[in-house]
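> I'd like to ask you about the structure that follows.
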Amino acid sequence: MELIPAVARALEELRRQRPLIHHITNFVTMTDCANATLAIGASPTMTNAVEEVAEMAAAARALVLNLGTLQAWTLEAMLAAGKSAAAHGVPIVFDPVGAGGTTFRTQAALRLLDELPMAVIRGNASEITCLAAHKSGQDFGVDSRLGPADPALASSLASHLGTTVAITGAVDVLSDGCQTAEIRNGCPLLTYVTGTGCMTTSLIASFAAVADPFTAAAGGILAMGIGGELALAGEGKNGPGTFHARLFDAFYQLNDAILQKYGKVVVHRE
Amino acid sequence: MELIPAVARALEELRRQRPLIHHITNFVTMTDCANATLAIGASPTMTNAVEEVAEMAAAARALVLNLGTLQAWTLEAMLAAGKSAAAHGVPIVFDPVGAGGTTFRTQAALRLLDELPMAVIRGNASEITCLAAHKSGQDFGVDSRLGPADPALASSLASHLGTTVAITGAVDVLSDGCQTAEIRNGCPLLTYVTGTGCMTTSLIASFAAVADPFTAAAGGILAMGIGGELALAGEGKNGPGTFHARLFDAFYQLNDAILQKYGKVVVHRE
Amino acid sequence: MELIPAVARALEELRRQRPLIHHITNFVTMTDCANATLAIGASPTMTNAVEEVAEMAAAARALVLNLGTLQAWTLEAMLAAGKSAAAHGVPIVFDPVGAGGTTFRTQAALRLLDELPMAVIRGNASEITCLAAHKSGQDFGVDSRLGPADPALASSLASHLGTTVAITGAVDVLSDGCQTAEIRNGCPLLTYVTGTGCMTTSLIASFAAVADPFTAAAGGILAMGIGGELALAGEGKNGPGTFHARLFDAFYQLNDAILQKYGKVVVHRE
Chain X
506 MELIPAVARA LEELRRQRPL IHHITNFVTM TDCANATLAI GASPTMTNAV EEVAEMAAAA
566 RALVLNLGTL QAWTLEAMLA AGKSAAAHGV PIVFDPVGAG GTTFRTQAAL RLLDELPMAV
626 IRGNASEITC LAAHKSGQDF GVDSRLGPAD PALASSLASH LGTTVAITGA VDVLSDGCQT
686 AEIRNGCPLL TYVTGTGCMT TSLIASFAAV ADPFTAAAGG ILAMGIGGEL ALAGEGKNGP
746 GTFHARLFDA FYQLNDAILQ KYGKVVVHRE
Chain U
506 MELIPAVARA LEELRRQRPL IHHITNFVTM TDCANATLAI GASPTMTNAV EEVAEMAAAA
566 RALVLNLGTL QAWTLEAMLA AGKSAAAHGV PIVFDPVGAG GTTFRTQAAL RLLDELPMAV
626 IRGNASEITC LAAHKSGQDF GVDSRLGPAD PALASSLASH LGTTVAITGA VDVLSDGCQT
686 AEIRNGCPLL TYVTGTGCMT TSLIASFAAV ADPFTAAAGG ILAMGIGGEL ALAGEGKNGP
746 GTFHARLFDA FYQLNDAILQ KYGKVVVHRE
Chain L
506 MELIPAVARA LEELRRQRPL IHHITNFVTM TDCANATLAI GASPTMTNAV EEVAEMAAAA
566 RALVLNLGTL QAWTLEAMLA AGKSAAAHGV PIVFDPVGAG GTTFRTQAAL RLLDELPMAV
626 IRGNASEITC LAAHKSGQDF GVDSRLGPAD PALASSLASH LGTTVAITGA VDVLSDGCQT
686 AEIRNGCPLL TYVTGTGCMT TSLIASFAAV ADPFTAAAGG ILAMGIGGEL ALAGEGKNGP
746 GTFHARLFDA FYQLNDAILQ KYGKVVVHRE
């Protein structure tokens, strides 16, 4: 199926099912991630006690692991939840916030990658490349500040990481190693609201409950990019506070017609 | 006194006194709970260190204990704060988020119930019934997905739990075992914003600083339900982001005339 | 240079540089502090694990230490980050939330003051006076509920604390012991939104990355006060929820012309 119709079908399905999306995530964007998950049509839980995360992850339809405000104890909770998710066939969507930024954070990301099967990894070019470099011993020479990742790099990183990668930036690129897509939605005001990356990960996980990882990654990225455009077209142009509120309105309003009208996707199949 | 005039009088009183409401609550909805408390006219503190919660609870006019994102250390803080509140006559409003959802959470809820005198317990039908079933050894056969609790059930649960219960859902029901009320305010968009349950608990606690538990529970539920209706009637109809912001506007604007005009309350006295 | 032109120049510079502002802050207002930092034009990180804060603080351009929701472990993280910041010449902006409110909190604030060089301390009159009284052994006889601090008191507190102090309230006063300013911007609705004090601290830190402590304190206070006035002049008058969103719009829109038009500053030089 074409990518946009596949995303539209997944969106309809997730609204019908309202799947439970378990997050172990950071304290900065936790509320926004819960609200993004609700607005797109799924059901969030942010339970993070090591005593109960395995039980909760087993009952969920997707699991988000997000490294922002990482602590030693949240890492343990992520490992416990991730192993339970893996054992129960629950897809894991990983957001390696700040990988490469500090030693603690890079090592935690690599440990999670080693011990857990990730369905999708979403990050900026610098974070994803850091992980792929450590896994493969290869230097990809990419810096997120230098511009967007290109499709060939995304495909290479996906192959080295053995999963679907979603690299978000001025242009978003995603790849599962076999198929690669560029998505050119979004707007600069998205960089003036904290958590738009984290929320994209939560949206991807919402789609991952009902679709394959590549479609899910495209769905989450399209929801955020088109959401930003719709928010900016309305009252959101007033500034980042109003824009932020209008983003959730846009996730809620997203549908097949809007995806078809606004989605700017190019797919490359190898 | 009739229930709505009693709520209106309590609202006026809480705005005059700006009572300090101490919360030990979850990390997802903490900010929204603080803002709801401020918007209705009270003063929040979210202090949660075990080293200081007893001192803070003694200085507060009501204490919220909310189990979302429960941790072993937050449970200890809740016990310390709750014992101090009890010793100083500070009413405790308990929100057993997710009771019945995991073993850890159910046991924590039951331990708090055993050790602390709760003025009000607010939850959905599934959470409240889970607690009453464990306390009484009786199976109430209720599932929150099956629809709202009815007044007879609310009264029975209040008796079994020995406190005022507020069961929120499509219809809200509250009872102290002697008097029972149904409140039919609210709108479906409330279920697309995280923390509307937690905020209702904070609103109840704000009222509990100046009113009896039954009036307080009615006040918090009416504030949220009417708030949702007012938010929806304005810009909030645009979607859950704008609606969320407008909810706080509505709490702030709530007054006697609005309570009289919009409140849909039926009281049963046994 | 006059104070408002100095603030305007610093604002332009911070937007050009987008400096990294490291926060170890509370869980209630963390998201709002990150969004305020972004909206004014800087770049926030809220990393708080003791394993990585020294590394992060060394890479930052300013460090915020905020005592709200203090824990023993966040205190350790603050000390580690603060020592690293001091060693690398990174200015520290301290927000002693609730100092004087509980013993735990007062002692933590005093320990941080003893061990770390603070560039700016921002709090209400009660918090700042509590710290100065403990440091100097002198009773200043001030209670934040009695009204705003006056310039003479601010100057005295700055001298006793050996740093720039920013005392916010109905009127804001700042002093570095040599120069003192009163700022009369703002509006009462700011007291109905949680975290406006914490956000002011984050805004001060954003300015402190590119300006001296006195100019930075003035910049943060002006941004919040004028922001409140602009938010109130627009849709924000609807209530604290809409007002809250509009605050971020106002930080984003703040510029030289707005500072000149709205800023109400009186500077006293000794």
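Listed in order, the protein sequences are those of chains X, U and L.
Each residue of the first sequence is one higher than the one before, counting from 506 in my numbering.
Each residue of the second sequence is one higher than the one before, counting from 506 in my numbering.
Each residue of the third sequence is one higher than the one before, counting from 506 in my numbering.
Every residue gets a Cβ at the ideal spot worked out from N, C-alpha and C, and that includes glycine.
Because the structure is a prediction, the values reported are computed rather than measured.
Would you kindly report the start and end of the unbroken beta strand (DSSP E) that includes alanine 686 (chain U)?
684 to 688
> Does the region 709 to 716 of chain X touch the region 556 to 572 of chain X, meaning 3 or more C-beta pairs lie closer than 8 Å?
yes
> Comparing C-alpha positions only, which one of U:Gly594, U:Asn743 and U:Phe748 sits nearest to glycine 691 (chain U)?
U:Phe748
> For phenylalanine 719 (chain L) versus threonine 669 (chain L), is the C-beta distance shorter than 8 Å?
yes
> Whose C-beta lies closer than 8 Å to the C-beta of leucine 764 (chain U) among residues of the same chain, with five residues either side of it excluded?
Ile509, Val512, Ala513, Leu516, Leu727 and Ile731
> Assess, as a yes-or-no matter, whether the region 733 to 752 of chain X is touched by the region 580 to 596 of chain X under the definition of 3 or more beta carbon pairs within less than 8 Å.
no
> Report yes if the C-beta distance between arginine 523 (chain X) and alanine 547 (chain X) is below 8 Å; otherwise report no.
yes
> May I ask you to report which of helix, strand or coil DSSP gives phenylalanine 753 (chain U)?
helix
> Applying a beta-carbon distance threshold of less than 8 Å, which residues of chain U neighbour alanine 513 (chain L)?
None at all; the shortest Cβ gap to chain U is about 30 Å.
> Let me check one thing: in DSSP terms, what residues is isoleucine 726 (chain X) bridge-paired to?
Residue pairing from DSSP leaves isoleucine 726 (chain X) without any beta-bridge partner.
> Can you find the residues in the same chain that come closer than 8 Å, C-beta to C-beta, to cysteine 538 (chain L), ignoring five residues on each side of it along the sequence?
His528, Thr530, Pro549, Met551, Val569, Asn571, Gly700, Cys703, Met704, Thr706 and Ser707
> For my contact list, leucine 752 (chain U) and alanine 736 (chain U) are in at a C-beta cut-off of 8 Å; report their separation, rounded to the angstrom.
5 Å
> Mind reading off the beta-carbon distance from glycine 587 (chain U) to leucine 621 (chain U)? Whole number of angstroms is fine, and I expect it under 8 Å.
At roughly 4 Å, the Cβ-Cβ gap stays under 8 Å, so glycine 587 (chain U) and leucine 621 (chain U) are in contact.
> Measuring CA to CA, which of U:Ser664, U:Ser660 and U:Pro693 is closest to glutamate 687 (chain U)?
U:Ser660
> Starting from histidine 528 (chain X), trace the alpha helix (DSSP H) both ways and give me its first and last residue.
Histidine 528 (chain X) -> not in any alpha helix (DSSP H); beta strand (DSSP E) instead, spanning 525 to 529.
> I want to see whether chain U comes within less than 8 Å of aspartate 600 (chain X), judged by CB atoms only; does it?
no
> Where does lysine 769 (chain X) sit, in a helix, a strand or coil, going by DSSP?
coil
> Looking at glycine 603 (chain X): is its Cβ nearer than 8 Å to the Cβ of glycine 573 (chain X)?
yes
> Enumerate in chain order the residues of its own chain whose CB-to-CB distance from glycine 682 (chain L) is below 7 Å, with the five nearest sequence positions on each side excluded.
Ser660, Ala663 and Ser664, listed in sequence order.
> Quick check on asparagine 743 (chain U): does DSSP put it in helix, strand or coil?
helix
> Show which residues of chain X have a CB atom less than 7 Å away from the CB atom of arginine 566 (chain L).
Result: empty, since nearest Cβ-Cβ is about 15 Å, beyond 7 Å.
> Using a Cβ cut-off of 8 Å (strictly closer), state whether glycine 520 (chain U) contacts chain L.
In the sequence under discussion, the amino acid at residue 520 (chain U) is arginine, which differs from the glycine named in the question. By this cut-off, arginine 520 (chain U) is not an interface position.
> In angstroms, rounded to a whole number, what distance separates the CA positions of proline 693 (chain X) and lysine 742 (chain X)?
Cα-Cα distance, rounded: 11 Å.
> Kindly list, in the order they appear in chain X, the residues whose Cβ is closer than 9 Å to that of asparagine 743 (chain L).
The premise fails here: asparagine 743 (chain L) is roughly 12 Å from chain X at the closest Cβ pair, so nothing lies under 9 Å.
> Between the beta-carbon of proline 601 (chain L) and the beta-carbon of glutamate 556 (chain L), is there less than 8 Å?
no
> The region 616 to 628 of chain U: which residues have C-beta closer than 7 Å to a C-beta of chain L, in chain order?
Of all residues in the region 616 to 628 of chain U, none is placed with a Cβ closer than 7 Å to any Cβ belonging to chain L.
> Is leucine 519 (chain X) near valine 770 (chain X), with beta carbons less than 8 Å apart?
no
> If you reduce the DSSP assignment to three classes, tell me which class proline 549 (chain X) lands in.
strand
> Less than 8 Å between the CB atoms is what I'm expecting for alanine 713 (chain U) and alanine 624 (chain U), so what's the real figure, rounded?
6 Å
> Name, please, each residue of chain L whose Cβ falls closer than 7 Å to the Cβ of glutamate 581 (chain U).
Think of a sphere of 7 Å around the beta carbon of glutamate 581 (chain U): no beta carbon from chain L falls inside it, the nearest being about 12 Å out.
> Based on the DSSP output, what are the partners of aspartate 600 (chain U) in its beta bridges?
Aspartate 600 (chain U) pairs with U:Asn571.
> Does glycine 642 (chain L) pass the burial test, meaning 16 or more other C-beta atoms within 10 Å, or should it be called exposed?
Flag for glycine 642 (chain L) reads exposed.
> Against chain L, with Cβ distances strictly below 8 Å, would aspartate 717 (chain U) count as a contact?
Taking CB atoms only, aspartate 717 (chain U) has no neighbour in chain L less than 8 Å away.
> Cα separation between alanine 723 (chain U) and valine 676 (chain U)?
13 Å
> Report the neighbours of asparagine 571 (chain U) on chain L: residues whose CB is nearer than 7 Å to its CB, in chain order.
Ordered by position in chain L, no residue passes the 7 Å Cβ test against asparagine 571 (chain U), which lies about 13 Å from the chain.
> Alpha carbon to alpha carbon, how far is aspartate 754 (chain X) from glycine 744 (chain U)? Give it in angstroms, no decimals.
4 Å
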